[in-house]
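I have placed the structure first, in the form of structure tokens, so that the comments after it can refer back to it.
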Amino acid sequence: MSSWRIVIVTALCALPALAQEKLISKEDAVRIALAYNQSLRANRFNVDQNKANEITASLKPNPTISVGADAIPIFSPQTIRFDTQIYSAGLSYTVEKGGKREKRVVVAKDNTLISAQNVTDNERTLKFQVVQAFINVLLAKSVLALAKDDLANFSQEVDLNHARLVAGDLAEGDYLKLSIQKLQFEQDVSAAVLGLVQARATLRQLLGYQSVTDDFDVKGTLEHTKPVVSLEDLEKKALDSRPDLLAAHTGVTLANDTVSLAFGNRARDWTWGTDYSYQSPTQIGAGVSFSMDLPIHDRNQGEIARSQAAMKQSVETEASTKVGVQTDVVNAYYGLKSNEEIVNLYESGYLKQATDSRDISNYAYQRGAASILDLLDAERSYRATQLAYRQALAAQMIAVEQVNQAAGAQVIP
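Counting the sequence shown from 1 gives a position; my numbering is that position plus 8.
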């Protein structure tokens, strides 16, 4: 049983429990997508179609049987007698020359292998898309939680200052500035709710719309991991494992086998036959026949030239694919390094500074040592820093998965 069929069976067994829990992990999401994503399932049928082509390629020509009756007096049917007609029967069979059938089978198997490798490459791409969508859902949930916390905290601030306004301890203009700023926090919550809905919809589409419940949710949090990988190891792994590069290698093999088939098709087939005729008990005969095309004009020159050009093209395609794989690895590696540096910057002190700045400004404002504008500016800086940090975390997690995708294997857990 092929690996992708095993994945489907495993997912079918695991799915009911996941649906009841209404919570899926990153690993669950990948497994469900590999089993139920409609585009991937459609692509897998290409393998079955090519396996059917293998059967067709291996078939031998059918023998031909013929029967006939001659010398029938159609204008004087009354003279028809059994012994006055000529009855004949014949059997012929075409023998393929040049190893056509064997070479057709080899080409068909090459196409099947390429199709399977393309499906594996589609799985690689889908895994990354699913994990990326999963992380975006985690980000959307984190942003929504931040927006709700900010709204709750600022609403409490507005309520406290309303009490100060009533007590005559706060100017009405300052209170109005605070109250109007609350609208921004309320808009942030609305935007975060919409972002979560859209992120979940994107993930559900990749999983297969009917594979999860309408109210499904994901489990997990944004977290900072610090993987240790080297560019040389990633490149070696990618060159050994990337299914698109393997498909390009097989494409060169296919092109060579296609050239061999084209030369094989140049050979002329032989058709052998035998026949039997009967006119009367004294006029019974048998014979044999042989026929073949004379390769005077058509010697399959056009297909040979086309297949040779296709072979050169496949070599260039393989080289281009290899360069693309190496480029993907370099981009993914340095993308991970860059995102890692950004997250480290936030965690090195900027997060704490933003929190301390907001707390100090709030403390100073309550005691009249800071203006309302200072308070609002500190609040905006805190919100922007927290939001950017969450986005940096998500980007770093996606960069990790980008490395895995570029390598064509799970090099980073």
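Idealized CB from N, CA, C, for every residue including glycine.
Quick one: complete alpha helix (DSSP H) runs, 4+ long, within the segment 225-302? The segment 225-302 contains these whole alpha helix (DSSP H) runs: 239-249 and 251-274.
First through last residue of the alpha helix (DSSP H) which encompasses residue 322: As a working mapping, residue 322 is identified with position 314 in the sequence shown. Unbroken alpha helix (DSSP H) run through residue 322: 309-353.
Coil, strand or helix - residue 221 by DSSP: Position 213 of the sequence shown, counted from the first residue, corresponds to residue 221. It is coil, neither helix nor strand.
DSSP state of residue 306 mapped onto helix, strand, coil: Mapped onto the sequence shown, residue 306 falls at position 298. In the structure shown, residue 306 adopts coil according to DSSP, grouped into three states.
Beta-carbon spacing of residue 393, residue 362 below 7 Å: One-based indexing of the sequence shown puts residue 393 at position 385. One-based indexing of the sequence shown puts residue 362 at position 354. Yes, these two residues count as a Cβ contact at 7 Å.
Helix or strand or just coil, what does DSSP make of residue 153? By one-based count along the sequence shown, residue 153 stands at place 145. Looking at residue 153 - three-state DSSP - the assignment turns out to be helix.
Cα-Cα separation between residue 156 and residue 192, rounded to whole angstroms: By 1-based counting over the sequence shown, the position of residue 156 is 148. By 1-based counting over the sequence shown, the position of residue 192 is 184. Residue 156 and residue 192 have their C-alpha atoms spaced approximately 12 Å apart.
Identify every residue that forms a DSSP beta bridge with residue 72. Numbered from its first residue, the sequence shown carries residue 72 at position 64. Per DSSP, the beta bridge partners of residue 72 are 100.
For residue 113, which residues in the same chain have their Cβ closer than 7 Å to its Cβ, ignoring the five residues on either side in sequence? Sequence index remark: in the sequence shown, residue 113 carries index 105 (1-based). When the five nearest sequence neighbours on each side are left out, the beta carbons in the same chain lying within less than 7 Å of the beta carbon of residue 113 are those of 62, 65 and 66, in order along the chain.
Please list, in chain order, all residues of the same chain as residue 235 whose beta carbon is under 7 Å from its beta carbon, the five residues on each side excluded. The residue given as residue 235 occupies position 227 in the sequence shown. Around residue 235: 408 and 420.
Report the partner residues of residue 31 according to the DSSP bridge assignment. Taking the sequence shown and counting its residues from 1, the one referred to as residue 31 is at position 23. Per DSSP, 225.
Can you find a CB in chain C that lies within less than 7 Å of the CB of residue 208? Protein chain content of the structure displayed is limited to a single chain, and chain C is not contained in it.
What number of angstroms, rounded off, separates the C-alpha of residue 404 from the C-alpha of residue 323? Here the question's residue 404 lines up with position 396 in the sequence shown. Here the question's residue 323 lines up with position 315 in the sequence shown. If you take the alpha carbons of residue 404 and residue 323, they lie about 36 Å apart.
Extent of the continuous alpha helix (DSSP H) run through residue 204: As a position in the sequence shown, residue 204 is number 196, starting the count at 1. From DSSP, the alpha helix (DSSP H) with residue 204 extends over 180-215.
What does the alpha-carbon distance come out to for the pair residue 68 and residue 280? For the purposes of this step, residue 68 is taken as residue 60 along the sequence shown, with counting starting at 1. For the purposes of this step, residue 280 is taken as residue 272 along the sequence shown, with counting starting at 1. In this structure, the alpha-carbon of residue 68 lies about 15 Å from that of residue 280.
Span of the alpha helix (DSSP H) holding residue 390? As a working note, residue 390 is residue 382 in the sequence shown. Element bounds for residue 390: 380-415.
Could you give the C-beta distance for residue 371 and residue 380, rounded to a whole number, given that I count them as a contact under 8 Å? Locating residue 371 in the sequence shown gives position 363, counting from the first residue. Locating residue 380 in the sequence shown gives position 372, counting from the first residue. Taking a contact as a CB-CB distance under 8 Å, the pair residue 371 and residue 380 does not count as one, their CB atoms being some 14 Å apart.
Where does residue 177 sit, in a helix, a strand or coil, going by DSSP? What you label residue 177 is simply residue 169 of the sequence shown in a count that begins at 1. It is coil, neither helix nor strand.
How long is the line joining the alpha carbons of residue 410 and residue 40, rounded to whole angstroms? Stepping through the sequence shown from its first residue, residue 410 is reached at position 402. Stepping through the sequence shown from its first residue, residue 40 is reached at position 32. C-alpha of residue 410 to C-alpha of residue 40: approximately 20 Å in a straight line.
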